[in-house]
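Notes to accompany the following structure.
Rendered as structure tokens:
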């Protein structure tokens, strides 16, 4: 099988900077994108896609989210696929964020959420820490696979986006002293035609589930992601917006080496 990845990120209408980061395997896209982009990945080795939503003063949120993306992509090469291995990968990355603030005290308190997928050997695993989300898209309906680490958490079901209003209860970093994390990891079935949506709360907090599902009914993946992005902008774009759509398809010949 191979993966079609469609993605876009941007600062929205209100924020001066984009503190979100995306990772498409070991590629970190630019922070401001005027339109969605497609990327194809073979699954002949483990792959990761993720959304990270940084937080902290000045530009420290941007640094935290990029660090999370880079380190998780790097560590993917070390793991033996499974829940405990992915949890360990996330906990090491959490330690990395704290270690960076030790070296650079001015970044103290920076942190990041993360929501992502690991795909290898025909298996898929979703993971998250914080309130960035992963959904399964099936029969034009979105099912939330991630667990919101927030005061009024939403998880594992067909829930209304606007039920979540609380402050997040855990993230990678985010404190002056080290705090261990309890990541949420879930195995998911992959088959030709499987689709998954990953996003920061810049989308899920302001666009209703019904409107997200309406956008996802489009066949063209580029148009899906652009429609979701524009829906968040139409809703005021109060936060940074990051979106990844993953489609699993049958592999048809070899991909170019740069893919």
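Residue numbers (the UniProt record's numbering): 1 to 259. Where a beta carbon is used, it is the ideal one built from N, C-alpha and C, also for glycine.
{"Query": "Beta-carbon proximity list for residue 127, same chain, < 6 angstroms, skipping 5 on both sides", "Result": "86, 116, 183, 185"}
{"Query": "Sequence ranges, beta strand (DSSP E) only - wholly within the region 158–222, length at least 3", "Result": "184–188, 195–199"}
{"Query": "Which of helix, strand or coil DSSP assigns to residue 1", "Result": "coil"}
{"Query": "Touch test, the region 192–206 against the region 220–238, Cβ-Cβ under 8 angstroms, three pairs minimum", "Result": "yes"}
{"Query": "Same chain only: Cβ atoms within 7 angstroms of residue 7, ignoring 5 sequence neighbours per side", "Result": "22, 24, 29, 36, 37, 225, 243, 244"}
{"Query": "Beta-carbon proximity check, residue 261 vs residue 249, cutoff 7 angstroms", "Result": "Absent from the model: residue 261. The displayed extent of the chain is 1 to 259, so no value can be given."}
{"Query": "Backbone CA spacing between residue 62 and residue 138 [nearest angstrom]", "Result": "33 angstroms"}
{"Query": "CB contact flag (residue 246, residue 49, <7 angstroms)", "Result": "yes"}
{"Query": "Nonlocal neighbours in the same chain, by C-beta distance under 7 angstroms from residue 96, ignoring five residues either side", "Result": "67, 71"}
{"Query": "For residue 42, three-class secondary structure by DSSP", "Result": "strand"}
{"Query": "First through last residue of the alpha helix (DSSP H) which encompasses residue 60", "Result": "60–75"}
{"Query": "Residues that residue 37 bridges to, as DSSP identifies them", "Result": "7"}
{"Query": "Rounded distance between the beta-carbons of residue 190 and residue 124, thought under 8 angstroms", "Result": "4 angstroms"}
{"Query": "Opening and closing residue of the beta strand (DSSP E) in which residue 48 lies", "Result": "47–55"}
{"Query": "Beta-carbon proximity of residue 338 to residue 146, cut-off 7 angstroms", "Result": "Beyond the ends of the chain as shown, which are 1 and 259, falls residue 338; an answer cannot be given."}
{"Query": "Cβ-based burial, residue 170 [other Cβ within 10 Å; buried from 16]", "Result": "buried"}
{"Query": "Bridge-paired residues (DSSP) for residue 120", "Result": "123"}
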